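Asks: Everything in the sequence shown is counted per my numbering, starting at 303 for the first residue and increasing by one.
Even for Gly, the Cβ is constructed at its ideal location relative to N, Cα and C.
Keep in mind that this is a model prediction, so the values were computed, not measured.
Right, I'll just put the structure down here and ask away after.
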Amino acid sequence: MPSSQAIHSADVFSRRGKFSHLPCKLNVKQSVETVQLWAKIKNTRTTTTTAFATPNENDEGERSGSHACSGEQVFVPLENNYSSNYLDEEAAGSLPESGSGVFQMAEHSVNLASLLDKLKALHLHVLASEQWNASRLKLCHKNYVESAKNLIHYLALKCLDIEPLKYDLALISLLNLEMVNSSVLASLTTCIELLENLQLNSSRTGKDVSAGISTQGKLYHQTNGNFTINTMRMKACLNQELLLGPLQGSRCTHIMTTVGEEALESETLIADLIKAGTSIIRINCAHGSPESWSEIIRRVKRSSQMLEAPCRILMDLAGPKLRTDNLKPGPCVVKVSAKKNATGKVTFPAQVWLSHKGAGAPPPHLSPDAVLFIDDENFFTVVKVGDTLRFFDARGKKRMLKISRVFHVFSGTGFMAECTRTAYVSSGTELYIKRKKDRLPVGQVVDVPPRELSIRLRVGDLLIISRDSTCGEDNSYGHASGAYRITCSSGYLFDAVKPGERIAFDDGKIWGVIKGTTISEIVVSITHAGLRGTKLGSQKSINIPDSNIRFKGVTSKDLVDLEFVKSHADMVGVSFIRDTRDIIVLRQELEERKLQNLGIVLKIETKSGFEKLPLLLLEAMKSSNPLGVMIARGDLAVECGWERLADIQEEILSFCSAAHIPVIWATQVLESLVKSRVPTRAEITDAASGRKASCVMLNKGRHIVEAISTLDNILNLNSRQMKAEVKSLVPSSHLV
């Protein structure tokens, strides 16, 4: 936007009658008039004055003020905590031709002429905001012009104090201004025209006070046919389908599932995910390799084709996220432990899966406590149900496994065995079949993965974060100074933090305060952890909400991964978006690779990304790529504060509704169900709230298939269907 355009702050009357500064920045190009808004609340009249602009004939801006406009100016005060619903309902219904009944009663408490003037002022303010930002809107791609204008209209509406107006409209049940996000201008115009008809047909009004508005309304319909309520709704549906694909059957919401290399351990897992209701598979480029990604995508496409169920691929670029480096790997041993009661008596033996290392993982409906692979395939040709396998564990203790069931899988045969005593099994452990007078082959356990080690931190502990991964690798579990050590290879962390700033680990499970910094180390005092301490492991997130770290939006690794995404994925997720410069860089990279049809998902997981979301959307709308937004609630809660998360996600939903951009609801959805098979009540209601979004994302876990099936039922439950007991209370002639 040209720097010659000036920024003004709108001033409004507060309810006490004094001028107060509205923290709102608008690109003012017209002279400003004011209209006083009156509301009657509890028999007390309060006054609010709103400002609107009247365009001059040449549409030239009057230069005043000294604050130059730049591309980073925010249109509305994002710090205002107006809550708004994501629902998109009709602006108004039909009204009776006469002014009798409830509307006649409402006229005693609401002056219709005054209300009409207020709506006219609001309507002009919304139109003026579009003109103020004409140069920005001209840069938007033709596919997004109407949506970008509606976003500007919504921002203009949001930056004003319209509570008294909302109250007046509620008294006559005409319009809810919190439900007009997706079609602001059309809703206001419809409301104005309905008020005209009500006033013209009212026996209490003897003169035509609405000729000017009526003319304006007709002109609106002649020149702004693209802004009707139905057109805006169709635009939102089209944008959703372009990014996420068409919904199948009677489903109302897409389900996205994150998968990793563990999906390759089972031949049927991907197919089971799609059967359960998954329509989008997400791959995180921060983990795995191009080889494993290729195999996952191959299985997704094969299963999608076999099941005749479309399934798209989203690949998240890792971005500049701060993480702990890998700790020194632990011993290659697995613990097998039976379930016991309070007295130590075994209540249920441990379930152990045994198979040849080429047979793959156990079937998804099984949940073994341990998986052991045997090197000799011939070993399983003589094993049968009822056999007892003897072995010495890593401690030299005698232990036994009893074969209880046999399963025929794609690549061979597997067995489920039971163990009643605790055992530690390592690679090289030999299993002997116990039978009388028979000399049977010996099976050797192989490929036991190393145990994932961690540091248990408690309140008051000192933690040293080192830049050099060679420093302190052997001191991860305690240092001579009494401090624990981890490493982080990102130079951004050490270059930007200061003593006194807060620091969080593992999505806020552990908090601390920075006590001191050097060029290669940061000393942290732990201030928040579990009562018995909290484990901090490898590749866990690090957040510094108080520090203004300037990250590089698209990293060198992201550019390498983008080459893979180019030929394998339908969408690319852009992590840790902070400002419009990140989107500009991404757009340049996509244009260079001629990826105009690749879907873009902006992951909102930083405070800066949330506060600049309208600008980010307008910047992203300059390209033709299908566009979406993911609410990454993990990092977002740490960055912005747990107590603000509910309001923040509603704000994001409102902004995206106004821009007709689909939203993906992510992070910890049904997490307890995914991990332990038992959901919490709060998780169920949270998942149901995901209906307000276009897509809900689940993370990987042991019971992921069951969780997807449950989520699919929650999202698509027809709660509007009238129950039989209630139908008896309604006359049969009124039932459809």
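How big is the Cα-Cα spacing for Gly901 and Ala644?
Replies: One C-alpha to the other measures close to 54 Å.
Asks: Taking 7 Å as the threshold (C-beta atoms), are Val965 and Val931 in contact?
Replies: Result yes, Cβ atoms of Val931 and Val965 sit closer than 7 Å.
Asks: Going by beta carbon distance, what residues of the same chain come within less than 6 Å of Ala989, once the five residues before and after it are set aside?
Replies: Within the same chain, Ala989 has close Cβ partners Val971, Leu972, Leu1013 and Ile1016.
Asks: So Asn845 packs on Asp770, CB below 8 Å; how close in whole Å?
Replies: Not really, about 22 Å apart at Cβ, beyond 8 Å.
Asks: As a quick exercise: from Gly832, Ser416, Val654 and Glu465, pick the residue whose alpha carbon is nearest that of Leu497.
Replies: It is Ser416.
Asks: Quick one: using the 10 Å Cβ neighbour count with 16 as the cut-off for buried, is Cys958 buried or exposed?
Replies: Flag for Cys958 reads buried.
Asks: If you measure between the beta carbons of Leu571 and Ala578, is that distance less than 7 Å?
Replies: Result no, Cβ atoms of Leu571 and Ala578 do not sit closer than 7 Å.
Asks: Quick check on Asp884: does DSSP put it in helix, strand or coil?
Replies: In the structure shown, Asp884 sits in a helix (DSSP, three-state: H, G or I).
Asks: Relative to the C-alpha of Ser869, which residue among Met617, Leu888 and Gly745 is closest?
Replies: Out of Met617, Leu888 and Gly745, Met617 has the C-alpha closest to the C-alpha of Ser869.
Asks: Go ahead and label Ile824 buried or exposed: buried means 16 or more other beta carbons lie within 10 angstroms of its beta carbon, across all protein chains shown.
Replies: The residue is buried, with at least 16 neighbouring Cβ atoms inside 10 Å.
Asks: Rounded to whole angstroms, what's the CA-CA distance from Gly551 to Gly875? Just pull it up for me.
Replies: Spanning the two alpha carbons is a distance of roughly 27 Å.
Asks: For Met923, which of helix, strand or coil comes out of DSSP?
Replies: In this structure, Met923 counts as coil in the three-state DSSP scheme.
Asks: Using 8 Å as the threshold, is the stretch 537-553 in touch with the stretch 978-985, meaning 3 or more CB pairs across them?
Replies: Contact between the stretch 537-553 and the stretch 978-985 is absent, because fewer than three Cβ pairs lie under 8 Å.
Asks: Considering only residues of the same chain and omitting the five flanking positions on each side of Arg707, which have a CB-CB separation below 6 Å?
Replies: If we look at Arg707 and ignore the five residues flanking it on each side, its Cβ neighbours are Met718.
Asks: If you drop the 5 nearest sequence neighbours on each side, which residues of the same chain put their C-beta closer than 7 Å to that of Ser568?
Replies: Gly662, Ala663 and Pro666, listed in sequence order.
Asks: Over the uninterrupted alpha helix (DSSP H) stretch that includes Trp595, give me the two end residues.
Replies: Note, Trp595: alpha helix (DSSP H), Pro592 to Leu609.
Asks: Answer with buried or exposed for Leu1031, where buried requires no fewer than 16 other C-beta atoms within 10 angstroms of its C-beta.
Replies: Exposed, because fewer than 16 other Cβ atoms sit within 10 Å of the Cβ of Leu1031.
Asks: Among the candidates Leu439, Ser657 and Glu953, whose CA atom is the shortest distance from the CA of Leu920?
Replies: Here the closest residue by C-alpha is Leu439.
Asks: So the candidates are Thr533, Glu563 and Ser581; which of them puts its Cα closest to the Cα of Cys554?
Replies: That would be Ser581, whose Cα lies nearest to the Cα of Cys554.
Asks: On the DSSP letters alone, give me the boundaries of the alpha helix (DSSP H) that Glu985 sits inside.
Replies: It spans Arg983 to Ser991 - the alpha helix (DSSP H) in which Glu985 sits, taken as one unbroken run.
Asks: Any beta-carbon of chain C closer than 7 Å to the one on Phe681?
Replies: Absent from the structure is chain C; it holds one protein chain and no more.
Asks: According to DSSP, Arg625 sits in a beta bridge with which residue or residues?
Replies: According to DSSP, Arg625 bridges with Ser843.
Asks: Whole-angstrom Cβ separation of Ile705 and Val687, contact assumed at under 8 Å?
Replies: That belief holds up - the Cβ atoms of Ile705 and Val687 are roughly 5 Å apart, short of 8 Å.
Asks: Would Asn483 and Ser956 qualify as a contact pair, given that the criterion is a beta-carbon distance under 7 Å?
Replies: Yes, the Cβ-Cβ distance between Asn483 and Ser956 is below 7 Å.
Asks: Should the stretch 633-653 be regarded as contacting the stretch 716-736, the criterion being three or more beta carbon pairs within less than 8 Å?
Replies: Judged by Cβ distances under 8 Å, the stretch 633-653 makes contact with the stretch 716-736, as three or more pairs qualify.
Asks: Just how far apart, CA to CA, sit Tyr446 and Ser728?
Replies: So the alpha carbons of these two residues sit roughly 59 Å apart.
Asks: Just list the residues that DSSP pairs Leu917 with in beta bridges.
Replies: BP columns for Leu917 are empty, so no partner.
Asks: CA-CA distance, Asn628 and Ile963?
Replies: So the alpha carbons of these two residues sit roughly 38 Å apart.
Asks: Contact check, Ile1010 vs Leu575 under 8 Å by CB: the rounded distance?
Replies: Contact holds; Cβ gap of about 6 Å.
Asks: Could you give the uninterrupted runs of the alpha helix (DSSP H) lying entirely in the stretch 557-584, keeping only those of 4 residues or more?
Replies: As far as the stretch 557-584 is concerned, its whole alpha helix (DSSP H) runs of at least 4 residues are 571-578.
Asks: Looking at the strands, I want to know which residues DSSP matches up with Gln746.
Replies: Paired residues: Glu732.
Asks: Quick check: what's the CA-CA separation for Leu479 versus Ile933?
Replies: If I take the Cα positions, the gap works out to 24 Å.
Asks: Can you list, in chain order, the residues of its chain with a C-beta nearer than 8 Å to that of Val815? Leave out the 5 residues immediately preceding and following it.
Replies: These residues qualify, in order along the chain: Gly802, Glu803, Arg804, Ile805, Val826, Ser827 and Thr829.
Asks: Buried or exposed, going by whether 16 or more other CB atoms sit within 10 Å of the CB of Asn435?
Replies: The residue in question, Asn435, is buried, as its Cβ has 16 or more Cβ neighbours within 10 Å.
Asks: Please state whether DSSP places Asn643 in a helix, a strand or coil.
Replies: Reduced to three states, the DSSP call for Asn643 is coil.
Asks: Indicate the three-state DSSP secondary structure (helix, strand or coil) for Gly1003 in the structure shown.
Replies: Reduced to three states, the DSSP call for Gly1003 is coil.
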